[in-house]
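Protein chains in written order, with the working numbering: chain A, 1 to 146; chain B, 1001 to 1308. Here a beta-carbon is modelled for each residue, glycine too, at the ideal position from N, C-alpha and C. Remember, predicted model here, so these are calculated numbers, not experimental data. What follows is a single structure, written as structure tokens, with notes after it.
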């Protein structure tokens, strides 16, 4: 792999925000992100096809990356009792929305490990965000191919 | 000096009624001296969104597990952790958490490895407390440091390692508490959720599949003793009080929930939890595996070794 392109601005800002904090306070920032997760647009609220049910050990999260012309929108929803999952989804909603499809595809797969949460949250839990990112990229690719 | 036992008649039927408390008992006993409430969740942020007044947080990933080796903290680490939460050796601990107390039961199990005497579970867990509209707070307590001795972890009585499971094959019951799809090997991992990563699907030969949720009622509380007996003992799995039993799941948390039921609610003395569980067994070289819905038999080679 060649040197990765620099992170798109919104993701780079999120990364800086986390890294600027001492480790323990990063959880609070993640909690703030979880509170900022925007609701789904009505047209997705009732679309069961978007729900990828995840059984056991993971909180149910519905997420969808929508390609609208040159721009990607990332929508996600997760239950209130899963604030970590909501926080991850919110980071991606704020960090991916507005990027071009190619920019989304170029986001490093290990972005979740770049924001200083490995010790405060644990790598295993961060896999949840990596999964959401992988899925978003797949959805973008599918829409570009359609 | 342990806190009094919850006198609720429903609990009195269990083999060890002192191990469970009801939400109403806890609400009335939050200020009991010598009692500390501990929240343990799958979600690392849930405690921060609101918790039972006075409760402290212990996280399985970041507090109980070592960061490098796959093992639990040592005696000194444990003493420091508990003291920092205001817990002393004689403190009554009441654990609760999300996901039907999976992680609370897991934490209770780890505490038991260190021989903490009085560890109780809040029956119904966090969900029931919230569903009943009981008080939550975001105030994080700053307890005075507890006085906790350094005790060596006992890895023999309630914990099983892979070698123990191999030696157990053909000699005693194994309970696999994962979903039927994980048991059969049909499902290895969750699509797009690169999780712990397991190479092989199926179950440990001779294991019987009783998903953890079988043990709970709709509100997340444990089923009454007679129902648990019908599931795990006569008429069900056929476990007897004298059996040596091993439970496992994927990483040992859901099986802690069943371990607790077998050990304390049904009173089976010898129940060990195999925390390596499927993430170890399904990746290990040259261990026997059975695919499909049937338990399968312990391999002859294992039996011969034991007979020799």
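Where the beta strand (DSSP E) containing residue i begins and where it ends
| i | result |
| --- | --- |
| residue 1176(B) | 1174-1176 |
| residue 1123(B) | Per DSSP, residue 1123(B) belongs to no beta strand (DSSP E) and is neither H nor E. |
| residue 1070(B) | It is not in any beta strand (DSSP E) - residue 1070(B) carries neither H nor E in the DSSP assignment. |
| residue 1092(B) | 1092-1096 |
| residue 113(A) | Careful: residue 113(A) lies outside any beta strand (DSSP E) and carries neither H nor E. |
| residue 1039(B) | 1035-1039 |
Closest Cα partner of residue i within the set the options
| i | options | result |
| --- | --- | --- |
| residue 1047(B) | 102(A), 126(A), 81(A) | 81(A) |
| residue 41(A) | 126(A), 14(A), 76(A), 135(A) | 76(A) |
| residue 1149(B) | 1159(B), 1283(B), 1168(B), 1087(B) | 1087(B) |
| residue 1270(B) | 1160(B), 1138(B), 1206(B) | 1160(B) |
| residue 78(A) | 128(A), 137(A), 27(A), 141(A) | 128(A) |
| residue 116(A) | 30(A), 8(A), 7(A) | 30(A) |
| residue 1261(B) | 1014(B), 1155(B), 1037(B), 1026(B) | 1014(B) |
| residue 1120(B) | 1289(B), 1251(B), 1275(B), 1021(B) | 1021(B) |
| residue 959(B) | 1211(B), 1184(B), 1050(B), 1031(B) | As shown, chain B starts at 1001 and ends at 1308. That puts residue 959(B) outside it, with no answer to give. |
| residue 1112(B) | 1078(B), 1011(B), 1226(B), 1173(B) | 1078(B) |
| residue 1266(B) | 1285(B), 1286(B), 1132(B), 1230(B) | 1230(B) |
| residue 1141(B) | 1162(B), 1093(B), 1085(B), 1152(B) | 1085(B) |
| residue 101(A) | 87(A), 143(A), 84(A) | 143(A) |
| residue 1116(B) | 1237(B), 1091(B), 1066(B), 1136(B) | 1091(B) |
| residue 119(A) | 1289(B), 1211(B), 1068(B) | 1068(B) |
| residue 1138(B) | 1257(B), 1063(B), 1056(B) | 1056(B) |
| residue 1258(B) | 1198(B), 1205(B), 1174(B) | 1174(B) |
| residue 74(A) | 36(A), 87(A), 93(A) | 93(A) |
Chain-ordered chain B contacts of residue i [CB-CB under 8 angstroms]
| i | result |
| --- | --- |
| residue 30(A) | 1045 |
Beta-carbon neighbours of residue i, restricted to chain A and to distances below 7 angstroms
| i | result |
| --- | --- |
| residue 1098(B) | 81 |
Neighbouring residues, chain B, relative to residue i (Cβ below 9 angstroms)
| i | result |
| --- | --- |
| residue 120(A) | 1044, 1062 |
| residue 27(A) | 1044, 1045, 1048 |
| residue 125(A) | 1042, 1043, 1044, 1061 |
Endpoints, the alpha helix (DSSP H) within which residue i is located
| i | result |
| --- | --- |
| residue 18(A) | 9-19 |
| residue 33(A) | 26-35 |
| residue 1165(B) | 1162-1168 |
| residue 1297(B) | Careful: residue 1297(B) lies outside any alpha helix (DSSP H) and carries neither H nor E. |
| residue 120(A) | 118-121 |
| residue 1047(B) | 1046-1049 |
| residue 106(A) | 101-106 |
| residue 1075(B) | 1075-1084 |
Within chain B, partners of residue i - CB distance below 7 angstroms
| i | result |
| --- | --- |
| residue 141(A) | None at all; the shortest Cβ gap to chain B is about 13 angstroms. |
| residue 21(A) | Under the 7 angstroms cutoff, chain B gives no residues; its nearest Cβ is about 15 angstroms from residue 21(A). |
Which ranges does the alpha helix (DSSP H) cover as unbroken runs of at least 4 residues, wholly within the stretch 1210-1289 of chain B, from first to last along the chain?
Listed in chain order, they are 1225-1232, 1254-1260, 1277-1281.
Item to complete: Pull out every residue of the stretch 1038-1065 of chain B whose Cβ sits closer than 7 angstroms to any Cβ of chain A, in chain order.
Response: Near chain A, meaning a CB-to-CB distance below 7 angstroms, the residues of the stretch 1038-1065 of chain B are 1043, 1044, 1045, 1046, 1048, 1049, 1061, 1062.
- prompt: Going along the stretch 1213-1242 of chain B in order, which residues come within less than 8 angstroms of chain A, judged by CB to CB distance?
  reply: Within the stretch 1213-1242 of chain B, no residue has a Cβ lying closer than 8 angstroms to any Cβ of chain A.
Residue ranges of each beta strand (DSSP E) run of no fewer than 3 residues wholly in the stretch 54-98 of chain A, ordered along the chain? Runs found: 62-68, 71-77.
Contact set between the stretch 67-82 of chain A and chain B, restricted to residues whose Cβ is under 9 angstroms from the partner
Hits within the stretch, in order: 80, 81, 82.
Could you run through the stretch 84-118 of chain A and flag, in chain order, every residue whose CB is less than 8 angstroms away from some CB of chain B?
Identification of residues in the stretch 84-118 of chain A having a C-beta nearer than 8 angstroms to some C-beta of chain B yields 84, 85, 87, given in sequence order.
TODO: Output, in sequence order along the chain, the residues in the stretch 1067-1078 of chain B whose CB is closer than 8 angstroms to any CB in chain A.
DONE: Those would be 1067, in chain order.
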